[in-house]
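Here's the structure we're looking at; comments come further down.
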Ligand SMILES: Cc1cc2nc3c(=O)[nH]c(=O)nc-3n(C[C@H](O)[C@H](O)[C@H](O)COP(=O)(O)O)c2cc1C
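In my numbering, the protein residues as written are 1471 to 1657.
In structure tokens, the structure reads:
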């Protein structure tokens, strides 16, 4: 099996990280891989906000928890309100991926491609990653939007995902089973 396919198949979502920081140069390479993702009509409709260190990430979890508490309809209320919830699973670096809906109706798909490129690049470098979904659910809540603006998330950009990055702690997650009979061929 070639190395790319091996990397694709062996990547797992990592939810437990060592506290030691990953080098900034490695994050730059991971981001570079993300920015080379395809996008609909090459619109590259994304913006990335890199946040490093627990001292900068913990306030994001805290602000998200406060925002979700103000949102009775938020689908993640039970999860985010839980005592153990964090936006990073302890990872020392996160990348918040946002995109503007007016640039292309395919913005969510494009941002997904970017995040997967980053996850695969990270895995190929021995760095774990996990897509964390909850920030988007609160990103238009006025108080949280103000907080996000303070981080540099551009006005009008919706958060499509957050990519946690760090060295995996403990056993590497086992591969979940693949569903069967999801493909039909016409030839
Ligand atoms: C769009 C998307 C959103 C996700 N959101 C979360 C999340 O909020 N929290 C989390 O722990 N994992 C999240 N994941 C990771 C999935 O749970 C994970 O990919 C799936 O269980 C398969 O495991 P694997 O990535 O190890 O193959 C998300 C994945 C995707 C593609």
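Think of the CB as a built atom: it goes at the ideal place given N, C-alpha and C, for glycine as much as any other residue.
Bear in mind that the values here come from a model prediction, so they are computed numbers and not experimental data.
Item: Three or more C-beta pairs below 8 Å linking the segment 1583-1594 and the segment 1547-1556; Value: no
Item: Range of the contiguous beta strand (DSSP E) that encloses residue 1623; Value: That residue, residue 1623, is in no beta strand (DSSP E); it is neither H nor E in DSSP.
Item: Boundaries (first-last residue) of the alpha helix (DSSP H) holding residue 1606; Value: 1605-1608
Item: Residue 1483 Cβ short of 6 Å to ligand 1 heavy atom set; Value: yes
Item: Residue 1545 beta carbon near ligand 1 (any heavy atom closer than 6 Å); Value: no
Item: Given residue 1546 as reference, the closest of 1491, 1492, 1608 and 1563 once Cα atoms are compared; Value: 1608
Item: Burial state of residue 1471, where buried means 16 or more other Cβ atoms lie within 10 Å; Value: exposed
Item: Three-way DSSP call (helix, strand, coil) for residue 1537 in this model; Value: helix
Item: Within the segment 1505-1571, ranges of the beta strand (DSSP E) (whole runs, at least 3 residues); Value: 1516-1522 and 1563-1569
Item: Residue 1599 - containing beta strand (DSSP E), residue span; Value: 1598-1602
Item: Euclidean distance between Cα positions of residue 1569 and residue 1652; Value: 30 Å
Item: Same chain, Cβ closer than 7 Å to residue 1515, five either side skipped, listed in chain order; Value: 1509, 1569, 1570, 1573, 1574, 1577 and 1580
Item: Touch test, the segment 1493-1511 against the segment 1526-1541, Cβ-Cβ under 8 Å, three pairs minimum; Value: no
Item: Residue 1635, DSSP secondary structure in three states; Value: strand
Item: Sheet register partners of residue 1629 (DSSP bridge); Value: 1568
Item: Range of the contiguous alpha helix (DSSP H) that encloses residue 1658; Value: There is simply no residue 1658 to check, as the chain begins at 1471 and stops at 1657 in what is shown.
Item: beta-carbon residue 1653 near ligand 2 non-hydrogen atom, thresh 6 Å; Value: This structure does not include ligand 2; its bound ligands are ligand 1.
Item: Straight-line Cα distance separating residue 1657 from residue 1612; Value: 53 Å
Item: Closer than 7 Å to chain C by CB, residue 1639; Value: The displayed structure is made up of one protein chain only, and chain C is not part of it.
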